[in-house]
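Chains as they are written, first to last, in our numbering: chain A, 22 to 327; chain B, 11 to 316. Down below is the structure, laid out as structure tokens.
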Amino acid sequence: MKAVSAGGAVVLEAERTTAPRAPARHVSLRRLWRFKWGVVAGAIMLMIVAGAASAPWISPYDPVTVDIRHRLAPPAWMDGGARAHVLGTDQIGRDLLARMIYGGRVSLVIGVAAVLISSSIGVLLGLAAGYVGRRVDWAVMTLINVMLTFPFVLLALAVIAVLGPSLVNMIIVLGVADWPLYARVIRAETLAIREREFVIAGRALGMSHWRIVFRQILPNLVSVIVVIATLQVARVIILESFLSFLGLGVQPPTPAWGNMLGEGRLYMLNSWWIAAFPGLAIFTTTLAINLMGNALRDWLDPHMRL
Amino acid sequence: MKHFALQQLVQLVVVVVGISVLAFAILHVIGDPVLLLLPQNAGKEEYERYHKLLGLDQPLYVQYWKFASRAAHGDFGTSWYTDTPAFRLVLQRMPPTLYLTTAGLVCALLIALPLGILAALKRHSFVDNLCTMIAVAGQAMPIFWLGIMLIIIFAVRLKALPASGYGTWQHFLMPAFTLGAFLAPITMRLVRSGVIEIMNMEYIRAARAKGLSEERVVIKHAFRNACIPVITVLGLQFGQLLGGAIVTETVFAWPGVATLAVDSIRNQDFPVVQCAVVLLALIIVSVNFLVDMVVGLIDPRIRIGA
Chain A
22 MKAVSAGGAV VLEAERTTAP RAPARHVSLR RLWRFKWGVV AGAIMLMIVA
72 GAASAPWISP YDPVTVDIRH RLAPPAWMDG GARAHVLGTD QIGRDLLARM
122 IYGGRVSLVI GVAAVLISSS IGVLLGLAAG YVGRRVDWAV MTLINVMLTF
172 PFVLLALAVI AVLGPSLVNM IIVLGVADWP LYARVIRAET LAIREREFVI
222 AGRALGMSHW RIVFRQILPN LVSVIVVIAT LQVARVIILE SFLSFLGLGV
272 QPPTPAWGNM LGEGRLYMLN SWWIAAFPGL AIFTTTLAIN LMGNALRDWL
322 DPHMRL
Chain B
11 MKHFALQQLV QLVVVVVGIS VLAFAILHVI GDPVLLLLPQ NAGKEEYERY
61 HKLLGLDQPL YVQYWKFASR AAHGDFGTSW YTDTPAFRLV LQRMPPTLYL
111 TTAGLVCALL IALPLGILAA LKRHSFVDNL CTMIAVAGQA MPIFWLGIML
161 IIIFAVRLKA LPASGYGTWQ HFLMPAFTLG AFLAPITMRL VRSGVIEIMN
211 MEYIRAARAK GLSEERVVIK HAFRNACIPV ITVLGLQFGQ LLGGAIVTET
261 VFAWPGVATL AVDSIRNQDF PVVQCAVVLL ALIIVSVNFL VDMVVGLIDP
311 RIRIGA
């Protein structure tokens, strides 16, 4: 399965290599180097997912139990740190490690669910724009332009403020707002595939448009969709944690990396660890996802222009 | 060129209309402004009275038309919170946001240009790999966390820089770097691929064949042409840049439009939110338009291709 790159239409973070390719030895070494990191990243991601999934069993404490006597305890390796709380405790004595493990659940669920929504919308609109063309194409492209020029963060914030910050609302808002990227790429790819022989042959054989779109064109786009979706999970996680960081996302006491970071900010004068560790968790997760996405792209199709 | 400009202008108008519809929709379709305005124990009569007072009993398109025609005159209504015109409130906060964005852009270029060019000229070297790693890490970095870590290190620990606020050049350093770090990775990758593409062009070979020194080839011939894709994408990234500025502002309590918007969202002060969102989107749209024009002037291929 090989995705067709549409001539210059998909310029995203374009690694545009129309230039002569580097010597073969270099290329294979470079690919290997990337894959190695992809595998490491995949292993880390697996650990994060497993940790979040089995939180009730591996977590050392309950994430919302308050223990005022041990509040603001530093991590175990610092002066005054206790081995009981490896990463220390927060302002009301909750164990940071426990909250970190539980916090991953929220981020991962929102990230994956929102991406499922946005990729579905984006792929459908992209297919429609690319295959039907004309007015549909114009309408979708205009909509994409509007969405891309809108200060997305503010839009999401405003909508959440009106709807109220619940888990489901967050998923819907992030999912609905994040589709233009998929639509743009899928549209360009569809435009190119539409002109390929097998599609023309299908049409000549009298296949219905539905069948052509979903049975002939869509399967050719799976690898592109998978790669974008993977990378977008990271983006959605960052956005979700920013909303929670501002207090307009996941609400306390439910632990989420974003709201832990937001609460920790108030105590950063003396207790840096409350803000530092949740952020580190976000960073590690998004980094692992990005590395995985890059490796996936190179593995599925090194010429993909993403 | 005239045709190209006209085409872009039509697009601009359509996008602006789309933005106004979205901004209108935030308040009037997904939420009920009366419920937001009145105290929870207000009676039904009170509700009806306000409903009429705000003109909400009229059909949606009439309401939208009123909103849009007022907005076109810079009248977004008065703030529900401070009772001053929303437009004036937002306009007052505009300069800090623009300064921050500019500083962030400069910072991003200071990081991205030298590294990107160096990576392109010494492909697959240590420098190149290092740049790739920085870029991957930078793209995964949640900048609100980066900002907080900078504050903890430079303001809390070293006491070298002010933690937040606005006024002197010291106040600019951390926010500008944070925003720059947000934009630098993608810019670096673009500069790199742009320079790589151009170094393989025939006129570069010709310049070398003429006997020009390598520096002259790079600076006079390669870099200038590599600027075109960089300008285009920087223009298109402007929306991203403003999005990053929103995040940065909230971390450093920067008195710009974004902090105003976030505060207004918290206070459910929707006229101000709408005004801020529309004005920011307008800035993005006009910058994109200008960039299209400039690039169209520099590079005739683009205006013919479009």
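Beta carbons are placed, not taken as given, at the ideal position from N, Cα and C, and that holds for glycine.
Using a C-beta cutoff of 8 Å, does residue i count as contacting chain B?
{"i": "ARG172/A", "result": "Residue identity differs from the one stated: residue 172/A is Pro in this sequence, not Arg. By this cut-off, PRO172/A is an interface position."}
{"i": "VAL180/A", "result": "yes"}
{"i": "THR110/A", "result": "no"}
{"i": "THR86/A", "result": "no"}
{"i": "GLY300/A", "result": "yes"}
{"i": "ARG126/A", "result": "no"}
{"i": "THR275/A", "result": "no"}
{"i": "MET313/A", "result": "no"}
{"i": "ILE259/A", "result": "yes"}
{"i": "ALA209/A", "result": "no"}
{"i": "THR251/A", "result": "no"}
{"i": "PHE266/A", "result": "yes"}
{"i": "SER141/A", "result": "no"}
{"i": "ILE303/A", "result": "yes"}
{"i": "GLU36/A", "result": "Confidence at GLU36/A is low in this model, with a pLDDT of 40, below 50, so the placement of that residue should be treated as unreliable; the coordinate-derived value is given next. True, the Cβ-Cβ gap to chain B drops below 8 Å."}
{"i": "VAL167/A", "result": "yes"}
Less than 8 Å between the CB atoms is what I'm expecting for residue i and residue j, so what's the real figure, rounded?
{"i": "VAL44/B", "j": "LEU66/B", "result": "7 Å"}
{"i": "TYR203/A", "j": "VAL144/A", "result": "6 Å"}
{"i": "GLY114/A", "j": "VAL85/A", "result": "Going by Cβ atoms, the distance from GLY114/A to VAL85/A rounds to 11 Å, so no, they are not a contact pair."}
{"i": "ILE310/A", "j": "MET66/A", "result": "7 Å"}
{"i": "ILE29/B", "j": "VAL288/B", "result": "6 Å"}
{"i": "VAL295/B", "j": "VAL100/B", "result": "No, VAL295/B and VAL100/B are not in contact; Cβ-Cβ is about 16 Å, not under 8 Å."}
{"i": "VAL271/A", "j": "LEU321/A", "result": "So it is not a contact: roughly 33 Å between Cβ atoms."}
{"i": "LEU48/B", "j": "GLU55/B", "result": "Their Cβ separation, rounded to whole angstroms, is 11 Å, which puts LEU48/B and GLU55/B out of contact at 8 Å."}
{"i": "ILE5/A", "j": "THR211/A", "result": "Given a span of 22 to 327 for chain A in the structure shown, any question on residue 5/A remains unanswerable."}
{"i": "ALA316/A", "j": "GLY59/A", "result": "2 Å"}
How long is the line joining the alpha carbons of residue i and residue j, rounded to whole angstroms?
{"i": "ARG42/A", "j": "MET159/B", "result": "Low per-residue confidence applies at ARG42/A: pLDDT is 49, beneath 50, and the placement is therefore not dependable, though the value from the model is reported in the following sentence. Their backbone Cα atoms lie some 41 Å apart in a straight line."}
{"i": "VAL183/A", "j": "GLY285/A", "result": "26 Å"}
{"i": "ALA113/B", "j": "ALA186/B", "result": "5 Å"}
{"i": "MET209/B", "j": "VAL240/B", "result": "15 Å"}
{"i": "ALA173/B", "j": "ARG236/A", "result": "57 Å"}
{"i": "ILE259/A", "j": "PRO152/B", "result": "6 Å"}
{"i": "PRO276/A", "j": "PHE266/A", "result": "11 Å"}
{"i": "SER201/B", "j": "MET211/B", "result": "Contrary to the premise, residue 201/B reads as Val rather than Ser in this sequence. The straight-line gap from Cα to Cα measures roughly 16 Å."}
{"i": "ARG199/B", "j": "GLY53/B", "result": "59 Å"}
{"i": "LEU282/A", "j": "SER223/B", "result": "52 Å"}
{"i": "TYR109/B", "j": "GLY126/B", "result": "25 Å"}
{"i": "ALA354/A", "j": "ALA119/A", "result": "Since the first residue of chain A shown is 22 and the last is 327, residue 354/A is not available in this structure."}
{"i": "ASP93/B", "j": "ILE165/A", "result": "35 Å"}
{"i": "GLY279/A", "j": "THR260/B", "result": "14 Å"}
{"i": "HIS13/B", "j": "ASP309/B", "result": "15 Å"}
{"i": "GLY154/A", "j": "VAL161/A", "result": "10 Å"}
{"i": "ALA179/A", "j": "VAL283/B", "result": "7 Å"}
{"i": "VAL61/B", "j": "HIS38/B", "result": "Looking at the sequence shown, residue 61/B is not Val but His. Between HIS61/B and HIS38/B, the C-alpha separation is close to 12 Å."}
{"i": "GLN112/A", "j": "TYR288/A", "result": "8 Å"}
{"i": "ARG234/B", "j": "PHE154/B", "result": "34 Å"}
{"i": "LEU33/A", "j": "VAL107/A", "result": "Summary for LEU33/A: the model assigns pLDDT 38, below 50, so the residue's position carries little reliability; its value from the coordinates is reported in the next sentence. Using only the alpha carbons, I get a separation of about 42 Å."}
Does any C-beta atom of chain A lie closer than 8 Å to the C-beta of residue i?
{"i": "TRP179/B", "result": "no"}
{"i": "THR260/B", "result": "yes"}
{"i": "ILE29/B", "result": "yes"}
{"i": "TRP264/B", "result": "no"}
{"i": "PHE86/B", "result": "no"}
{"i": "LEU48/B", "result": "no"}
{"i": "ALA15/B", "result": "no"}
{"i": "ILE121/B", "result": "no"}
{"i": "TRP90/B", "result": "no"}
{"i": "ALA316/B", "result": "Confidence in ALA316/B is poor, its pLDDT being 45 and thus under 50, which makes the residue's placement unreliable; the coordinate value appears in the next sentence. Taking Cβ atoms only, chain A never reaches closer than 8 Å to ALA316/B, which makes this a no."}
{"i": "ASN235/B", "result": "no"}
{"i": "ILE321/B", "result": "A question about residue 321/B goes unanswered here, because the residues of chain B that appear run from 11 up to 316."}
{"i": "ALA194/B", "result": "no"}
{"i": "ILE256/B", "result": "yes"}
Residue i bridges to which residues according to DSSP?
{"i": "ASP116/A", "result": "THR110/A"}
{"i": "THR211/A", "result": "THR211/A is not bridged to any residue."}
{"i": "THR88/B", "result": "PRO95/B"}
Below 7 Å, is the gap between the Cβ of residue i and the nearest heavy atom of the ligand NAP?
{"i": "PHE56/A", "result": "The ligand NAP is absent from the structure shown, which contains no ligand whatsoever."}
Exercise for the section: Spell out a yes or no on whether the region 127-137 of chain A and the region 75-89 of chain A are touching, meaning 3 or more CB-CB pairs, one atom from each, closer than 8 Å. Expected result: No contact exists between the region 127-137 of chain A and the region 75-89 of chain A.
Handout entry: the region 244-257 of chain B / the region 177-195 of chain B touching (three or more Cβ pairs under 8 Å)
Key = Using a C-beta cut-off of 8 Å, the region 244-257 of chain B makes contact with the region 177-195 of chain B, since at least three inter-stretch Cβ pairs fall below that distance.
Exercise for the section: Would you check if the region 136-153 of chain A and the region 92-102 of chain A touch, i.e. whether three or more CB-CB distances between them fall below 8 Å? Expected result: Contact fails: fewer than three Cβ-Cβ distances are below 8 Å.
Problem - the region 168-183 of chain A / the region 198-212 of chain A touching (three or more Cβ pairs under 8 Å) - result: Yes: the two stretches touch, three or more of their Cβ pairs being nearer than 8 Å.
Practice task
Count the CB pairs spanning the region 141-152 of chain B and the region 213-221 of chain B that are closer than 8 Å, and state whether there are at least three.
Solution key: In this structure the region 141-152 of chain B does not touch the region 213-221 of chain B; the number of beta carbon pairs closer than 8 Å is below three.
Practice task
Inspect the CB distances between the region 293-307 of chain A and the region 209-227 of chain A and report whether three or more fall short of 8 Å.
Solution key: With a cut-off of 8 Å, the region 209-227 of chain A and the region 293-307 of chain A do not count as touching, because too few Cβ pairs lie within range.
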